[in-house]
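To start, the structure itself, in structure tokens.
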Amino acid sequence: MANRIGIELVPSLCRVVVLEGRAGLFRRRSGRPGRIKAFHEVPYHASSPGQLEGELRRLGVRGPAGVAIWGLRGVHHVLSLPPADPSDLEAMARREAGSPGTGGDSGLMADGIMLGDAVDGGRRQVTYVSVPADEVRASIGPLTEAGIDVDGVVTPALAHALLARQRLGVLSGTTVAILAINGRVTGLTVVRGGAVLFARELPWGHETERAIPEGASADAGGFIARVASELRRSVVYLKQHHQADVSQVLVCGDMPDLRALTGPLMHELNLDVETLDSPDGLDITQLPEPADALRSRLGAVRTAWALAAGGAPTVNLLPREGTTVRRRLTTERQTHLWRAAIAGVVIAVLAWGVVELLTRNTRDRTDSLRRQIATLEPEVQRLDEVRLARATNAARAAALEAFASEGPRLARVLEALGRAAPPEVAITSLKVSPGVGAWNVSVTGQALAPTPAEAQAAFNRFAKAVNGDEYLGDPSQAPEIKVHIEEPEPEPEPVSREAAVAEAPRLEPAYQDRRTAVQRPREQWMARDGRLYRIVVPPLPPEELDESRRQRAGARPGTAERASQPPKYVGAVLDFTLKYEVRK
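Take 3 as the starting number for the sequence shown in the working numbering and just add one per residue.
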């Protein structure tokens, strides 16, 4: 593959960067740092094109080239167009900008468009660029006469947009400013989403500032202040007309000590400023001589290097007609193409054989691994079950150990609940679950009172007493309260004694000898003052037991069953749930 050339035509200077091409069938991968094979800075003036042509011939610069031309009387229009194909968008942009068209006659323009991000309403932001075709032909004339194949022409703004794309990628919605400071000209370009929003060439540079007569401000501080003022004015213009906020500034050019601009510009603009004088993206392991001079000029070669490394530009301002650009293949290049084709066929055949061999080996290896997996799968399942059982037992042991270590604190919690409960409040359940650094305690109970207001007052006293305890603290959630009224049961209908005796069930003795019948004591539980008490009721003597049975036999139907049950509470019942987090 032939070398790729990037050329930047700055007023009074032609800057040339030659990147090494890859011989053979394979080309240089995108994103891989390119090695600079040659770098030249040739004095140039439009009035003496023969001098530039002769110098390029002497240097032996050959190959396809992308050229950035400064000083063209071009325009950059930012338009908002409806969604359409790129060819239709170019026609619409030309019509909106009022361009006369393209061609080779005098007064016609060479133009193109750059596609940006979508804007409101589904419309597309487009940058339309047009330059006089005659000026382009006059500028690239010495290059083509020297034997350089010019396949792309751009303005400095388009070259800076390509540089920003290579440096940062296409970031939708991100606005970046590129500042190029040269000896006699300064360029300012603002890019958003791949499209140029603002392009300006200033007819002064760091060398013209030094040429100011005595008495004027010609120091570095004055030059930096002037650059910052122009950049600040452009940022305000973009904010007002395009609602774009510049987030970063990239600085390049041939100004000595380019990094001296970073601090003052960041201070003046309050923006992130980065200088492009570092070897990022460049292969500097093998630099052409003089290597030290090239290292000190990395900021100056950035624009030309971007053209050489980026291939054909997205916008090509090369005139479509009447151009004398040489586009022919030499015999040497044709020979290289034939050799590359033959080498490609040979490599393809060898690659097919290698792939087939690797495929067969991979297939055999895969079958062997499948058989091993089928053999080991039951053992793996058994080990998983054992591992799961161990993990479960360890978790249970850890939980029991943690609960045992926190037993005194939870006992204090139970004591605090029992001490704070008034006679009207009964605690029905207490649930404890582990949490992160604390135990989650849920207290459920009831407040019993004749009226809802009294039940609410009893609960309030209980909650106030509990919330002030040092172990419980404040509730982790709001209390859950539900109040309902227990109504008395209706009185049963009166029944005559004779009917009750007739319907009463006949009681059979539990044992043949009542005197020897064993009656076990009964146990009852009663909640009082927030605590549970166990009461042991002694058994009745046989005589009293027979009398009690006879009395129950002579009572109304259902009386015995109701007598064995405790009386139902009549009044207001307030069910509540309190939740706390007790630290471990």
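All residues carry an ideal CB built from backbone N, CA and C; glycine is no exception. From a predicted model like this one, the values you see are computed outputs, not experimental measurements.
Ignore the nearest five residues each way along the sequence and tell me which others in residue i's own chain have a CB closer than 8 angstroms to its CB.
i	result
SER14	PRO45, TYR46, HIS47, GLY185, ARG186
ARG234	GLU270, LEU271
ALA93	none
TYR473	ARG411, ARG414, VAL415, ALA418, VAL584
ALA422	PHE464, ALA467, VAL468, ASP471, GLY532
LEU432	LEU416, LEU419, VAL443, SER444, VAL445, THR446
VAL138	ILE71, LEU74, ALA112, VAL155, LEU319, LEU320, PRO321
Just how far apart, CA to CA, sit residue i and residue j?
i	j	result
LYS484	GLU456	14 angstroms
TYR582	GLY437	11 angstroms
VAL584	ALA418	12 angstroms
ASP366	ALA345	32 angstroms
GLY223	GLU209	14 angstroms
VAL178	SER249	6 angstroms
HIS338	SER370	47 angstroms
LEU278	ARG96	34 angstroms
ARG17	LEU117	28 angstroms
VAL131	GLY255	23 angstroms
PRO266	LEU190	17 angstroms
GLY312	ARG261	25 angstroms
GLY143	LEU360	55 angstroms
ALA306	ALA182	12 angstroms
GLU276	ALA391	59 angstroms
SER435	VAL193	60 angstroms
ALA376	ALA393	26 angstroms
GLU55	ALA40	17 angstroms
GLY8	GLY355	41 angstroms
Note down, in chain order, each residue of its chain lying with its Cβ closer than 7 angstroms to the Cβ of residue i, except the 5 sequence neighbours on either side.
i	result
GLY124	PRO85
GLY447	VAL427, ALA428, ILE429, THR430, PHE578
ARG6	LEU21, GLY23, GLY65, PRO66, ALA310
ARG389	none
VAL121	SER82, GLN127
Under a Cβ-count criterion, where at least 16 other Cβ atoms within 10 Å of its own Cβ denotes burial, should residue i be classed as buried or exposed?
i	result
HIS243	exposed
THR595	The question about residue 595 has no answer, for the chain in this structure spans 3 to 586.
LEU385	exposed
ILE487	exposed
GLU281	The sequence given here places Pro at residue 281; Glu does not occur at that position. When all chains shown are included, PRO281 counts as exposed.
VAL348	exposed
GLN374	exposed
ARG329	The predicted position of ARG329 is uncertain, since its pLDDT is 42 and thus under 50; a value taken from the coordinates is nonetheless stated next. Exposed, since its Cβ has fewer than 16 Cβ neighbours within 10 Å.
ASP113	buried
TRP340	exposed
ARG60	exposed
SER89	exposed
GLY68	buried
GLY301	buried
SER49	exposed
LEU378	exposed
SER236	buried
THR453	exposed
SER141	buried
VAL351	exposed
THR129	buried
GLY76	buried
VAL19	buried
Which same chain residues end up closer than 6 angstroms to residue i when comparing Cβ atoms and leaving out the 5 residues on each side of it in sequence?
i	result
PRO66	ASP151, ASP153
GLU10	ARG17, ALA70, THR305, ALA306
LEU576	ALA449, ALA457, PHE461, VAL485
ALA227	none
Does DSSP classify residue i as helix, strand or coil?
i	result
LEU284	strand
HIS486	strand
ALA48	coil
TYR239	helix
ASP386	helix
PRO134	strand
ASN184	coil
LEU319	coil
TRP441	strand
ARG75	coil
ASP279	coil
THR430	strand
MET257	coil
ARG37	strand
PRO205	coil
GLU22	coil
GLN479	coil
Just checking residue i against the ligand FAD - is the residue's beta carbon closer than 7 angstroms to any of the ligand's heavy atoms?
i	result
VAL138	Of the ligands one can find in the structure shown there are none, so the ligand FAD has no counterpart to examine.
With three or more beta-carbon pairs closer than 8 angstroms as the criterion, would you say the stretch 260-271 touches the stretch 187-204? no
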